[in-house]
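Chemist:
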Amino acid sequence: MAVGSELRKMRHLQGVDPVASSSKPNRMLARRGIISSEEVGVITIDDLAKALRIRRVDWIEIDVEGWELHALRGATRTLANSYVKLVTEVWDANAKSLLTSLGYSLKALNRDSYFFATKRLETESQTSDLPIDS
212 MAVGSELRKM
222 RHLQGVDPVA
232 SSSKPNRMLA
242 RRGIISSEEV
252 GVITIDDLAK
262 ALRIRRVDWI
272 EIDVEGWELH
282 ALRGATRTLA
292 NSYVKLVTEV
302 WDANAKSLLT
312 SLGYSLKALN
322 RDSYFFATKR
332 LETESQTSDL
342 PIDS
């Protein structure tokens with residue numbers, strides 16, 4: 212199962228190295244070789260939280276090899292309605308823009324692409340359980 216911006220199927224490529232996998236061919240897979248390819252289901256973080264009846268999300272970590280914007284688009288309801296701390300690898304400026312539009316500020320964790328994102332609450336009363344599927 213993978214996370215994305217909509218329910219669908221996608222092709223997942225697995226490299227020789229267990230950490231080398233992706234939804235699309237890339238330089239790491241080209242260097243190390245692809246050993247398998249399979250079709251996997253895609254679900255949004257919002258739909259997963261709703262299906263599991265999760266009312267509050269405190270932490271999300273995303274490292275999806277270039278698929279960050281899709282994963283974040285599928286989590287907009289969760290991110291907008293909750294005070295979520297987020298660690299994500301972000302290569303796409305549109306993903307950064309999406310997070311800032313939802314009220315998040317990003318702090319670089321390294322020189323490349325990992326960020327810690329937090330959102331300030333307007334009042335302390337907003338720290339109570341907020342429904343994700345409002």
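Heads up: the sequence shown at position 111 corresponds to 322 in this note's numbering, and the numbers run straight through without jumps. The beta carbon of each residue, even a glycine, is placed where N, CA and C say it ideally should be.
For a test of the three-state rule: what should DSSP assign to Thr311, helix, strand or coil?
Modeler: Three-state DSSP puts Thr311 in a helix.
Chemist: Could you please give me the residues that DSSP links to Glu272 through a beta bridge?
Modeler: DSSP output for Glu272 lists Val298 as bridge partner(s).
Chemist: Would you report the Cα separation of Arg267 and Val253, rounded to the nearest angstrom?
Modeler: Those two C-alpha atoms are separated by around 22 Å.
Chemist: Our contact map puts Asp257 next to Thr287 with C-beta atoms below 8 Å; I'd like the distance itself, whole angstroms only.
Modeler: Yes, Asp257 and Thr287 are in contact; Cβ-Cβ is about 7 Å, under 8 Å.
Chemist: Using only alpha-carbon positions, find the residue among Val214, His281, Leu259 and Thr329 that is nearest to Gly314.
Modeler: Closest option to Gly314, Cα to Cα, is Thr329.
Chemist: Can you have a look at Thr255 and say buried or exposed, based on whether 16 or more other CB atoms are within 10 angstroms of its CB?
Modeler: By the neighbour-count rule (16 or more Cβ atoms within 10 Å), Thr255 is buried.
Chemist: Quick one: what's Ile254 bridged to in DSSP?
Modeler: In DSSP, Ile254 forms a bridge with Val214.
Chemist: Ends of the alpha helix (DSSP H) at Ala291?
Modeler: Where Ala291 is concerned, the enclosing alpha helix (DSSP H) stretches over Thr287 to Asn292.
Chemist: Using a 10 Å radius around the Cβ and a threshold of 16 neighbouring Cβ atoms, would you call Asn292 buried or exposed?
Modeler: It is buried - the Cβ of Asn292 has at least 16 other Cβ atoms within 10 Å.
Chemist: What would DSSP say about Leu320, mapped onto helix, strand or coil?
Modeler: In this structure, Leu320 counts as coil in the three-state DSSP scheme.
Chemist: So the alpha helix (DSSP H) Leu263 belongs to, where does it begin and stop?
Modeler: That residue, Leu263, is in no alpha helix (DSSP H); it is neither H nor E in DSSP.
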